[in-house]
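Novice:
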Amino acid sequence: MKKIKLTEFEWSVLKATMTIPLGQTRTYKWIARKIGQPQAVRAVGQALRKNPYPLMIPCHRVIKSNGTLGAYAGKMDGKKGRLIEIERSIVKAIGEEVSSY
DNA sequence: AAGTACCGTTAAA
DNA sequence: TTTAACGGTACTT
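Counting along the first sequence from 1, when you hit position 36 you're at 105 in this note's numbering, and nothing is skipped either side.
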């Protein structure tokens, strides 16, 4: 098991990103503020761009404050760029299931 | 609307 | 070791 060489800053970003609920979107600024460095929004984008753990880090849930997708999603094809919409649909479906109980 | 400054990591020279 | 580049937001013009 090789040690993952990541900086403390990156760990902070990854942890913050992990806490994003399914089907929800957060902004880079949101993460930057959560890790206590509202000035380092770009560094946050860097950590996500590198994305050491694609499976546990939902970078596609991270968007710009503008509401538009960031560089990562921006480079994606339309299909993958709609991941967040699919997740939202899932959440909605689950919500309806729960309501029927 | 466009330009600039700011932070942190990585690649290249 | 030093330099350049990438990436999002807020402020200024």
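Note that beta-carbon positions come from the ideal geometry of N, C-alpha and C, so glycine has one too. Predicted model only: the values in this text are computed from it and were never measured.
Find the nearest neighbour of A95 within the set A140, F78, G136, judged by alpha-carbon distance.
Specialist: The amino acid occupying residue 95 in the given sequence is Arg; Ala does not appear at that position. Closest by alpha carbon: G136.
Novice: Would you mind stating whether L83 and A116 have Cβ atoms separated by less than 9 Å?
Specialist: Yes. Within cutoff.
Novice: Quick one: which unbroken alpha helix (DSSP H) runs of 4-plus residues sit fully inside the segment 71 to 106? Chain order, please.
Specialist: 77 to 87, 97 to 103, all fully within the segment 71 to 106.
Novice: Within 10 angstroms of the Cβ of Y97, are there 16 or more other Cβ atoms? Answer buried if so, exposed if not.
Specialist: Looking at its Cβ environment, which holds 16 or more other Cβ atoms inside 10 Å, Y97 is buried.
Novice: Quick check on I132: does DSSP put it in helix, strand or coil?
Specialist: Looking at I132 - three-state DSSP - the assignment turns out to be strand.
Novice: Per DSSP, which residues does L138 bridge with? Please list them.
Specialist: According to DSSP, which records beta bridges pairwise, L138 is partnered with I132.
Novice: I'd like the list of long-range same chain contacts for A101, defined as Cβ closer than 6 Å, with 5 residues on each side in sequence excluded.
Specialist: Excluding residues within five positions, the ones whose Cβ falls inside 6 Å are P107, A109, V110, V113.
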